[in-house]
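Enquirer: Got a structure here, written out as structure tokens. Questions coming.
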Amino acid sequence: MNIMPAAMAAILICMCLTLARLLLGPTVFDRLLAANSFGTKTVLFLALIGFLFDRPDFLDLALVYSLINFVGVIAVLRYVTFRKGSDVKERAE
Amino acid sequence: MISGLENIASFVLLGSGIIFLLIGCIGLIRFPDFFTRLHAAGLIDTLGAGLILIGLVIESGWTLNTVKIIFILFFLFLTSPVSSHVVAKAALTSGLRPWRAEEDNGTSRSKEELP
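Residue numbers (this note's numbering), protein chains in the order written: chain A, 1 to 93; chain B, 1001 to 1115.
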């Protein structure tokens, strides 16, 4: 009746699907969205690991990951947006 | 009896969180456009993560771990709408237009024109 291994397996399947979207996303924003979603799933996976293996230290790691994920997405988005030739229409031509 | 109730509540919350996570990932793969995929990713960020973390809160009882998980939940609920909004706004300002089911008028560009 323990659901945590099933939850971890489901999160791993979701991570594989998100990684597929990250690899074959047409625009850079699709890849960025997939990276953000992958970070959220990493946080959930770390929290579940902390409970399953009875090591609550992993919750601190999950907390740090949830903050670094946000800062990383903002930083990459700033690099992508304020770059020469970042217009999607310009690059299509 | 209380412990059994807690187990059932955490089981139900974790299970529904998993279901929402899988639905969001299938949407992230199968939706045709960036903005529709944003919708699916929002489902993962709010409902999937929220239900799984609330299930873990019920599982942990009243310890320090509860406070840590509530902090994770708080930061996730604070940062994920902000990052979704920022990514959507950057995509919109860089020229990406939402996908339409049928291209009846010439104003909305088709998906094939975009990289």
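Here a beta-carbon is modelled for each residue, glycine too, at the ideal position from N, C-alpha and C.
Grab the span of the alpha helix (DSSP H) containing A/Ile-13 for me, first residue to last.
Expert: The residue given as residue 13 of chain A occupies position 13 in the first sequence. Residues 4-24.
Enquirer: Please state whether DSSP places B/Gly-1061 in a helix, a strand or coil.
Expert: If you number the second sequence from 1, residue 1061 of chain B lands on position 61. If DSSP states are grouped into helix, strand and coil, B/Gly-1061 belongs with coil.
Enquirer: Looking at the C-beta of B/Gly-1061, does it have a partner C-beta in chain A at a distance below 8 Å?
Expert: The residue you call residue 1061 of chain B lines up with position 61 of the second sequence. No - not a single Cβ of chain A is within 8 Å of the one on B/Gly-1061.
Enquirer: For A/Phe-53, does the three-state DSSP call read helix, strand or coil?
Expert: Here residue 53 of chain A is taken as the residue at index 53 of the first sequence, counted from 1. Coil.
Enquirer: Return helix, strand or coil for B/Thr-1066, following the three-state DSSP convention.
Expert: Within the second sequence, numbered from 1, the residue matching residue 1066 of chain B stands at position 66. Note: B/Thr-1066 maps to helix in three-state DSSP.
Enquirer: I'd like to check one pair, B/Ala-1049 with A/Thr-40: are the Cβ atoms closer than 8 Å?
Expert: Counted from its first residue, the first sequence places residue 40 of chain A at position 40. Counted from its first residue, the second sequence places residue 1049 of chain B at position 49. Contact: yes.
Enquirer: Give me, in chain order, the residues of the same chain whose beta-carbon lies closer than 8 Å to that of A/Cys-14; leave out the 5 immediate sequence neighbours on both sides.
Expert: Here the question's residue 14 of chain A lines up with position 14 in the first sequence. Hits under 8 Å: Lys-41.
Enquirer: Thinking C-beta only, is B/Ala-1041 closer than 8 Å to A/Ser-37?
Expert: Your numbering for residue 37 of chain A matches position 37 in the first sequence. Your numbering for residue 1041 of chain B matches position 41 in the second sequence. With contacts defined as CB atoms closer than 8 Å, A/Ser-37 and B/Ala-1041 qualify as a contacting pair.
Enquirer: For B/Phe-1031, which three-state DSSP category applies?
Expert: Start at 1 with the first residue of the second sequence, and residue 1031 of chain B comes out as number 31. Note: B/Phe-1031 maps to coil in three-state DSSP.
Enquirer: Expressed to the nearest angstrom, what Euclidean distance is found between the alpha-carbon atoms of B/Ala-1101 and B/Thr-1036?
Expert: By 1-based counting over the second sequence, the position of residue 1101 of chain B is 101. By 1-based counting over the second sequence, the position of residue 1036 of chain B is 36. Their Cα atoms are separated by approximately 12 Å.
Enquirer: If you measure between the beta carbons of B/Ile-1029 and A/Ala-10, is that distance less than 8 Å?
Expert: Within the second sequence, the letter at position 29 stands for residue 1029 of chain B. Within the first sequence, the letter at position 10 stands for residue 10 of chain A. Not in contact: B/Ile-1029 and A/Ala-10 (Cβ atoms no closer than 8 Å).
Enquirer: For A/Leu-52 versus A/Met-4, is the C-beta spacing smaller than 8 Å?
Expert: Start at 1 with the first residue of the first sequence, and residue 52 of chain A comes out as number 52. Start at 1 with the first residue of the first sequence, and residue 4 of chain A comes out as number 4. Closer than 8 Å, so yes.
Enquirer: Less than 8 Å separating the beta-carbons of A/Phe-82 and B/Thr-1079?
Expert: The sequence position of residue 82 of chain A within the first sequence is 82, counting from 1. The sequence position of residue 1079 of chain B within the second sequence is 79, counting from 1. Going by C-beta atoms, A/Phe-82 is not nearer than 8 Å to B/Thr-1079.
Enquirer: Going by other Cβ atoms of all chains shown within 10 Å of its Cβ, with 16 needed for buried, is B/Cys-1025 buried or exposed?
Expert: Taking the first residue of the second sequence as 1, we reach residue 1025 of chain B at position 25. That one is buried.
Enquirer: Would you say A/Leu-46 and A/Leu-22 are within 8 Å of each other, going by their C-beta atoms?
Expert: Your numbering for residue 46 of chain A matches position 46 in the first sequence. Your numbering for residue 22 of chain A matches position 22 in the first sequence. No. Outside cutoff.
Enquirer: For A/Asp-30, count neighbouring Cβ atoms within 10 angstroms of its own Cβ and tell me buried if that reaches 16, exposed if not.
Expert: Indexing the first sequence from 1 puts residue 30 of chain A at position 30. Flag for A/Asp-30 reads buried.
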